[in-house]
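Quick note: the sequence shown uses the numbering used here, first residue -11, plus one each step.
Don't be surprised by glycine CBs; every beta carbon is placed ideally from N, CA and C.
Structure first, commentary second.
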Amino acid sequence: MSSTNPFEAYIPPKVWSPATPSGGAFASINRPIAGATHEQELPVGKHPLQLYSLGTPNGQKVTILLEELLDAGHAGAEYDAWLIKINEGAQFGSGFVGVNPNSKIPALLDRSGSTPVRVFESGSILVYLAEKFGAFLPTDPAARAETFNWLMWQMGSAPFVGGGFGHFYAYAPEKLEYPINRYAMETKRQLDVLDRLLAERRFVAGDEYSIADMAIWPWYGCLVLGELYDAGEFLAVHQYQQVRRWADEVGARRGVQRGRKVNRVRGKPEEQVLERHDAADLD
């Protein structure tokens, strides 16, 4: 049975069912099964790289890398970025599910070869593009391993920040002390991990800027800059001075500033570029 009293103990049923709405943000599109809910083909633009995404932290990782690649002179990284409105369930359209059976943004379709290649999960996309263009991923085995270490750290750690802290602090239908405390503690521990690391090196994986920085910055960089969940004061992010130093440096990069505008639906109007099909769209 469930209870409307947050201080009354919840007794799980013998078999869980989704009969009771969960409430909170995105509750209307949550469901316990996978697959498409409707037929909807994906649009295709003029470039070989087709990105289907939303300007969340996970979506920003990929558009930041694409803009960094273009800034570095890789003309083949030109791309079309199509907006996927996850609050409306667009990720459950048949076309999107065909690119990502997990129905999560971002999803990439590389049409540069004879057979299109689908790439999903943000970390996988970062590695795929870095290897495709030979950029932002070291070739030295030790440096490459360190980059992967921190890329995978982000993959495993950020869900505690987003789905854990962010959900219960900002999006849940009611404020509950236990989960907020639980995930605030873990979020601060992770920030301390980064702060200690960045006291010893310029960038996350060493002296060179890499896809590890691009993966971590939209989450932890924006968190210490006060741009996630309106939680800067609550988490006392001023304590993490090395993370802030790194966040400021990475955030000042042209590729980062351009990439974070793509598919963005929040913030100042001039920071929102709902779709991107040409470099001029960001100018």
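Three-state secondary structure (DSSP) of residue i
i       : result
Arg106  : strand
Gln38   : strand
Phe191  : strand
Gly33   : coil
Val250  : strand
His62   : coil
Ile17   : helix
Glu358  : The requested residue 358 does not occur in the structure, where the chain is confined to residues -11 to 271.
Asp128  : coil
Val50   : helix
Val3    : coil
Lys120  : helix
Gly86   : helix
Tyr(-2) : coil
Gly101  : coil
Leu213  : coil
Arg233  : helix
Tyr208  : helix
Asp271  : coil
Gly239  : helix
Those residues which DSSP pairs with residue i across a bridge
i      : result
Arg264 : Ala69
Ala95  : Tyr40, Phe108
Gly81  : His26
Length of the line joining the Cα atoms of residue i and residue j
i       : j      : result
Asp128  : Thr135 : 10 Å
Leu270  : Leu42  : 16 Å
Gly122  : Ser198 : 11 Å
Leu53   : Leu114 : 7 Å
Leu262  : Pro126 : 32 Å
Gln230  : Pro206 : 16 Å
Ala172  : Ala118 : 33 Å
Ser(-9) : Gly83  : Note that Ser(-9) scores a pLDDT of 48, beneath 50, so its modelled location is shaky; the value from the coordinates is reported in the next line. Approximately 39 Å between the Cα atoms of the pair.
Gln260  : Glu174 : 31 Å
Arg242  : Asp59  : 8 Å
Gly86   : Phe153 : 31 Å
Arg19   : Gly111 : 24 Å
Lys73   : Thr103 : 27 Å
Val105  : Ala15  : 32 Å
Ala63   : Ala267 : 11 Å
Glu56   : Ala7   : 46 Å
Ala133  : Leu179 : 22 Å
Asp275  : Pro0   : Look at the range of the chain in this structure, -11 to 271, and you will see that residue 275 is not part of it.
Gly151  : Val250 : 23 Å
For residue j and residue i, believed in contact at Cβ under 8 Å, the rounded distance
i      : j      : result
Ala65  : Leu37  : 7 Å
Lys276 : Met202 : In the structure displayed, the chain extends from -11 to 271; residue 276 sits before or after that span and is not available.
Asn90  : Phe108 : 7 Å
Leu39  : Tyr67  : 6 Å
Ala69  : Thr51  : 6 Å
Val212 : Arg232 : 5 Å
Val225 : Gly214 : 7 Å
Interface flag, residue i vs chain D, CB-CB below 8 Å
i      : result
Pro167 : Among the chains of the structure shown, chain D does not appear; only one protein chain is present.
Which whole runs of the alpha helix (DSSP H) in the segment 130 to 202 are 4 residues long or more, in chain order? Correct list: 165 to 186.
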